[in-house]
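The structure appears right after this line, and notes come after that.
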Amino acid sequence: MSSQLVQIGDLPGKGLPRPSTDGKTFYLETFGCQMNAHDSEKVAGLLVGRGYRRVSSYEEADLVFYNTCSIREKAAQKVFSRLGILKEDPGLKEKFIGVLGCVAQQEGEKIFQRAPHVNLVCGSASYHRLPEMLSEMEAGKKRVTGLSLDTDECFETEITRRDQPFRAYLTIIEGCDKSCAYCVVPMTRGPERSRPSDKVLEDCHRLVNEGYTEIQLLGQNVNSYRDPSPAGWSFAELLARVGEVDGLRRARFTTSHPRDFHPEIVEAIDTHPVLCDHVHLPVQSGSDRVLSRMRRDYTREEYLEKINCIRNAGRAISISTDLIVGFPGETREDFEQTLTLVDEVGYDSAFSFKYSPRPKTSALDLVDSVGEEEKTLRLGILQDRQRAIQLQRNATLIGRTFEVLAERRQKRDGQLTGHTSSHRVVNFSGGQELLGQYVDVRITSAGANSLVGEMVQNGSR
Ligand code: SAH
Ligand code: SF4
Ligand code: F3S
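Residue numbers for the sequence shown follow this note's numbering, so the first one is 982 and each next one is one higher.
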């Protein structure tokens, strides 16, 4: 680490001496989705590049950053409870506190009023300006903000350390141009910006050279991807090229919006074994009335056609989804429709949530008619139903053999754990040397959320 004054390269204020960051530390805690997890990897890379060292507790840190999520009220509250605890910290005066991500964008400068000890508020659409903002902070500015959503930039920075050793995240598109009535994301992450396909492929090659064998392509709506470079590839075309990257064993992608989910995507998976047999296709509701009020832009029937296309693929592709219960105006009959849809599709896994009213979303104009108790009841019924489906589906896998990437050792029982291409969790016994390897595992028992198996061979095909 340099102890010299460093010149700032291509930033405003260029040529000004920058105070030394030598010996300075940062703590960064992340809430929310994979996009946030990956943003945090980039923010950490930026800080390390400026000479900061990462520490694992806020007490010992000079910079304390929270990368926040605002998708439901409970998620958004987390950062305020953290900020409340920080307020009592005896070392607070010497610290610089930053709120990043979706709550930062959502609440903006109001955060300074609610928590005056916060110094920096920055939404993800302004991360490309973070170096400049950090320079202001280092020069002693006490309040720094990055809240503009008017951008066509993506956050490109060197990543010094990824949180997972074998699977790397790779952003292909940022932001969201949809306007689902319940959702804050278009307001917190700004408009869609796709990264040029040559950059994406360059990143894939670099990751493979660094030793990653699995890449997860990220975006709020990966299938709205529009290549801004002259090649002008669609998402399916990009996917096919990623599937051809030499040395790559697995590529996944998340999240797909049903409206933009086309048969070409299934064709790409079918023809490229590297593309994993898993599609996450959030449906939200099984009722046309609710889907239309949610502004999801598809009907139950159209959604089922897409499912049918996935089910007719050359190899079995697992399907997962997101569901919301208790959306304003959702009747018992509407909810029943969600249950019948879940039965009809037979999802391999599902995330389900109680509707949570969010600031500035259009659903606020609708009456939040389903009471909390009823929402809880519906969520319980839905989760029980889905659990039974998963148990039943997973039981059919007993006796079959799957290739599993051994990702880590379980603290609880020392077993290795990893994912199949279809994104099922498999636990099995094996040595440390298998970590990072693709191992053939025969399934011996099945729960709703994971499988147990035994290794049949150490397959490094
Ligand atoms: N871009 C993805 C999902 C992003 S948010 C998509 O379009 O599917 C992840 C999930 O959170 C959503 O799929 C939805 O099920 C849930 N969610 C979003 N806003 C919500 C809200 N206000 N209340 C409850 N659940 C919500
Ligand atoms: Fe939210 Fe809808 Fe965009 Fe997904 S597609 S991020 S649910 S607005
Ligand atoms: Fe949350 Fe923002 Fe992701 S609201 S789910 S962190 S896009």
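Glycine residues also receive a C-beta, built at the ideal position from the N, C-alpha and C atoms.
Query: What does a CB cutoff of less than 6 Å around VAL1271 pick up in its chain, not counting 5 residues either side in sequence?; Result: PHE1308, GLU1311 and ASP1315
Query: Spatial neighbours of ILE1298 within its chain, please: CB distance less than 8 Å, with the 5 preceding and 5 following residues excluded, ordered by chain position.; Result: VAL1247, ILE1250, ASP1258, HIS1259, VAL1260, ILE1291, ARG1292 and SER1403
Query: Please report the straight-line C-alpha distance between GLU1075 and ARG1170, rounded to a whole angstrom.; Result: 31 Å
Query: Can you name, in chain order, every residue of its own chain whose Cβ lies under 7 Å from the Cβ of ILE1140, other than the five neighbours on each side?; Result: GLU1022, LYS1023 and GLY1026
Query: Please list, in chain order, all residues with a C-beta atom less than 6 Å from at least one heavy atom of ligand 3.; Result: GLY1013, CYS1014, MET1016, ASN1017, CYS1050, SER1051, ILE1052, GLY1082, CYS1083, VAL1165, VAL1166, THR1169 and ARG1170
Query: With a threshold of 8 Å, are at least 3 pairs of Cβ atoms found where one atom belongs to the region 1008–1015 and the other to the region 1042–1059?; Result: yes
Query: Can you tell me whether PHE1334 sits near ligand 1, meaning its C-beta is under 6 Å from at least one heavy atom of the ligand?; Result: yes
Query: Return the chain-ordered ranges of every beta strand (DSSP E) run that is complete within the region 1057–1100 and spans a minimum of 3 residues.; Result: 1077–1081
Query: Measure the alpha-carbon distance for ASP1158 versus PRO1172 and round it to whole angstroms.; Result: 5 Å
Query: Quick one: measure Cβ to Cβ for VAL1226 and LEU1182, integer angstroms, because I've assumed they're closer than 8 Å.; Result: 7 Å
Query: Return the residue from the list LEU1115, ASP1346, TYR1108 and GLU1384 that minimises the CA-CA distance to LEU1432.; Result: GLU1384
Query: Apply the 10 Å Cβ neighbour rule to THR1357 and answer buried if 16 or more other Cβ atoms are within range, or exposed otherwise.; Result: exposed
Query: Which of the three DSSP states, helix, strand or coil, is assigned to PHE1332?; Result: strand
Query: Report whether the distance from the Cβ of LYS1180 to the nearest heavy atom of ligand 2 is below 6 Å.; Result: no
Query: Short check: CB of VAL1060 to CB of ARG1339, under 7 Å?; Result: no
Query: For the region 1362–1377 against the region 1175–1194, are there 3 or more C-beta pairs whose distance is under 8 Å?; Result: no
Query: Whole angstroms are fine: how far does the CA of VAL1326 sit from the CA of GLU1288?; Result: As written in the sequence, residue 1288 is Ile, which differs from the Glu given in the question. C-alpha separation (whole angstroms): 7 Å.
Query: According to the neighbour-count rule (16 or more other Cβ atoms, all chains shown, within 10 Å of its Cβ), is GLN1058 buried or exposed?; Result: exposed
Query: Verify the contact flag: HIS1261, CB atom, against every heavy atom of ligand 2, threshold strictly below 6 Å.; Result: no
Query: Quick test of the definition: if touching needs 3 or more C-beta pairs under 8 Å, does the region 1128–1135 touch the region 1103–1112?; Result: yes
Query: Is ARG1381 helix, strand or coil by DSSP?; Result: coil
Query: Under 7 Å, do LEU1451 and ALA1232 count as touching if we go by C-beta distance?; Result: With the chain running from 982 to 1442 in the structure shown, residue 1451 is simply not present.
Query: Within the same chain, show all residues whose beta-carbon is closer than 7 Å to that of SER984, passing over the 5 residues directly before and after it, in chain order.; Result: Its pLDDT being 32, under 50, SER984 is placed unreliably in this model, and the value from its coordinates should be taken loosely. Answer for SER984: SER1001 and ASP1003, listed in chain order.
Query: Could you give the first and the last residue of the continuous alpha helix (DSSP H) run that contains HIS1243?; Result: Where HIS1243 is concerned, there is no enclosing alpha helix (DSSP H), given that its DSSP letter is neither H nor E.
Query: Taking 6 Å as the cut-off, is the beta-carbon of LYS1159 closer than that to any non-hydrogen atom of ligand 2?; Result: yes
Query: Along the beta strand (DSSP E) that carries ALA1221, what are the first and last residues, could you check?; Result: Where ALA1221 is concerned, there is no enclosing beta strand (DSSP E), although the alpha helix (DSSP H) it sits in stretches over 1216–1223.
Query: Can you tell me the Cα-Cα spacing of GLU1069 and ARG1174, whole angstroms?; Result: 40 Å
Query: Using a threshold of 7 Å, state whether the C-beta atoms of VAL1407 and GLY1434 are closer than that.; Result: yes
Query: In whole angstroms, give me the CA-to-CA distance for LYS995 and VAL1420.; Result: Bear in mind that the predicted position of LYS995 carries a pLDDT of just 43, short of 50, making it unreliable; the figure below should be weighed with that in mind. Looking at the two C-alpha atoms, the distance is approximately 52 Å.
Query: Just confirm the distance between the C-beta atoms of GLY1072 and GLU1117, as a whole number of angstroms; I'd bet it's less than 8 Å.; Result: The Cβ separation is near 22 Å, so there is no contact.
Query: Within this structure, are the beta carbons of THR1382 and ARG1423 separated by less than 7 Å?; Result: yes
Query: Distance check for ILE1370 and ILE1456, CA to CA, integer angstroms please.; Result: The first residue shown for the chain is 982 and the last is 1442, placing residue 1456 beyond what the model contains.
Query: Name the DSSP bridge partner or partners of CYS1103?; Result: LEU1081 and GLY1127
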